[in-house]
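If you read the sequence shown in numbering that gives the first Met the number 0, its first letter stands for residue 0, the second for the next number, and so on.
All C-beta atoms in this analysis are idealised placements derived from N, C-alpha and C, irrespective of residue type, glycine included.
Okay, structure first, notes after.
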Amino acid sequence: MAVTDSHLRELKAALRDTLSENDSIVNHAEATREEGGPDIQVEAKHIEGFRTNLAKARELREQIEALEGHQEMQDWASASHEPEVVQEAKEITASSVGQGFVDSDEYKYLNGGQNGLTMHVPYSVKGDLGGMWQRKDVYTTLPSGTPAQFGTPQRDAIVERAHRAARVRDLFNVQQTSTNLVEYFRVTGFTNNSATTSERSGSPETFTSYPQSTLTIAGAQAPVRNIGHYEVAHRNVLADEPAMRGIVDNELLYGLRLTEDDQILNGDGTGTNLTGITNAGVQVQALGSDTRVDAIRKSITKVALAYYEATGMVIHPTDMEQIELEKDADERHMLVASIAMGAEARIWRLPVVESAAITVGTALVGSFGIGATLYDRMEGSIRVSENHSDFFVRNAIAILAEERIALAVKRTESFCIVTGI
0 MAVTDSHLRE
10 LKAALRDTLS
20 ENDSIVNHAE
30 ATREEGGPDI
40 QVEAKHIEGF
50 RTNLAKAREL
60 REQIEALEGH
70 QEMQDWASAS
80 HEPEVVQEAK
90 EITASSVGQG
100 FVDSDEYKYL
110 NGGQNGLTMH
120 VPYSVKGDLG
130 GMWQRKDVYT
140 TLPSGTPAQF
150 GTPQRDAIVE
160 RAHRAARVRD
170 LFNVQQTSTN
180 LVEYFRVTGF
190 TNNSATTSER
200 SGSPETFTSY
210 PQSTLTIAGA
220 QAPVRNIGHY
230 EVAHRNVLAD
240 EPAMRGIVDN
250 ELLYGLRLTE
260 DDQILNGDGT
270 GTNLTGITNA
280 GVQVQALGSD
290 TRVDAIRKSI
300 TKVALAYYEA
310 TGMVIHPTDM
320 EQIELEKDAD
330 ERHMLVASIA
340 MGAEARIWRL
350 PVVESAAITV
360 GTALVGSFGI
370 GATLYDRMEG
380 SIRVSENHSD
390 FFVRNAIAIL
400 AEERIALAVK
410 RTESFCIVTG
420 I
């Protein structure tokens, strides 16, 4: 761009000089007439020079217009993609969701005093609760100096509360929905009577018919459920951005994720609960006399016999510890080879999500994202208001975080619970 600008300046300067030369020729001719001559007398060399300069000026103008047109197209092309580039840059450079919140237009509008202290438009945390197909867990980078009390910077940094790193959501291909109820069909039974047949049966005039199979389909619904909670803070927190960021990062959004994990796995479908995978009537593999890893392998086989490919498993950290500490007859750890590789946790080639949300002694193996679908009606959003209870007179504000999700377990045979491990 700098080279183009420099070239344009040179061409425009040359055009001005050329036009100036022609102006001098015209002025000279006018001066000759004013001195009393009846006609304008122009020498042949001046006429030739005028024509040469005019042709040169036209050529320079065409070059200038071409370069300006090229530059205009470049500017337009850059401007047409600017929102996506800016948004992508924000997502890359933002140190935390909380930082993005305090930098948002919604927060600035609130902090400016318009509409009192009530957010009529929530701040949406796009992709915050995403998994492999969206963005991973939120990792906060707090400043080196964090206030111990609002408005008083201290040297001691906050020791963050430890967060559960793995998400059950990470195993799903999350879809979006714009309704409050997802309706779908579930295959509840299939009798396969397909067979080879002859062309005719008995007499030459009797043609053989194919056998009939039976497919049983039932309609089902997955209602969208709200998950949310709020935190109370003094109004002065609006003037202290690090404190606001800490509340958003460390408490509210993380709390949503904990409840989401529990609902996806253990929701009983009553009241406002989701119907979790473990309560959807999936297959079961008991430990019995098998080792833990053997029982898990048998559960993978059950999923495979239902013609699904297991894509992952969820297991409690305590049970994962027992599995990794299992030894063979020679007192050698059975999984030490894969641990030494330094790769992600895997058992029988499947990625493992260690989560305290699943019951101790239970593991869930399945075809996540195929046999079940997780829907986002509204991703994590944040709102702030003083219009609650007596908050206005107490200079208090409520900071609310919420999300809306639905879970449809469409093929129960694609999942298997391992019990007793």
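- About 34 Å separates the CB atoms of Tyr229 and Lys409; that is not less than 8 Å, and the two are not in contact.
- In the three-state DSSP reduction, Gly99 falls in the helix class (H, G or I).
- Residue range Ala395 to Val408 is occupied by the beta strand (DSSP E) that includes Leu399.
- Ile263 sits close to Gly275, with the two beta carbons spaced by under 7 Å.
- No Cβ-Cβ contact shorter than 7 Å links Val181 with Ala238.
- Look at Thr277 here: in three-state DSSP terms it is helix.
- Check the Cα spacing between Val417 and each of Glu353, His387, Ile299 and Asp329: the tightest is with Ile299.
- Ala371 and Gly365 have their C-alpha atoms some 9 Å from each other.
- DSSP, reduced to helix, strand and coil, places Tyr306 outside both helices and strands of the structure shown, so it counts as coil.
- Apart from the 5 residues on each side of it in sequence, Ile396 sits with its Cβ closer than 8 Å to the Cβ of Leu116, Val231, Ala232, His233, Arg234, Val236, Leu237, Val383, Ser384, Glu385 and Phe390 in its chain, given in chain order.
- Taking the CA atoms as reference points, Phe49 sits about 7 Å from Ile24.
- Taking the Cα positions, Gln70 is about 13 Å away from Arg8.
- Secondary structure of Asn225 (DSSP, three-state): strand.
- Residue burial annotation: Thr196 is exposed, with fewer than 16 other C-beta atoms found within 10 angstroms of its C-beta.
- Under the Cβ criterion (8 Å, minimum of three pairs), the segment 350-364 counts as touching the segment 310-324.
- For the pair Thr310 and Phe367, the CB atoms are nearer than the 7 Å cut-off.
- Between the alpha carbons of Ala303 and Ile420 lies a gap of roughly 21 Å.
- A distance below 6 Å between beta-carbons, with the five flanking residues on each side excluded, links His45 to the following residues of its chain, in chain order: Ile24.
- By alpha-carbon distance to Met319, the top candidate from Asp329, Glu308 and Met333 is Met333.
- The bridge partners DSSP lists for Ile216 are Val186.
- Minimum Cα-Cα distance from Leu399 among the listed residues Gln62, Asn225 and Arg60 corresponds to Asn225.
- Look at His6 here: in three-state DSSP terms it is helix.
- One thing to note: Gln175 has its Cβ within 7 Å of the Cβ of Asp375.
- Asp260 sits away from Ala344, with the two beta carbons spaced by 7 Å or more.
- Non-local C-beta neighbours of Leu10 in its own chain, meaning closer than 8 Å and more than five positions away in sequence, comprise Leu59, Gln62, Ile63 and Leu66, ordered along the chain.
- Distances from the CA of Val223 to each of Arg15, Thr258, Met377 and Trp75 were compared; the closest alpha carbon is that of Met377.
- Out of Thr17, Ile346 and Thr190, the CA that lies nearest to the CA of Thr51 is found in Thr17.
- Beta-bridge annotation (DSSP): Pro350 is paired with Arg345.
- With 16 or more other CB atoms across the displayed protein chains lying within 10 angstroms of its CB, Thr277 is buried.
- For Ile263, the enclosing alpha helix (DSSP H) stretches over residues Leu252 to Asn265.
- Rounded to the nearest angstrom, the gap between the Cα atoms of Ser380 and Arg403 is 10 Å.
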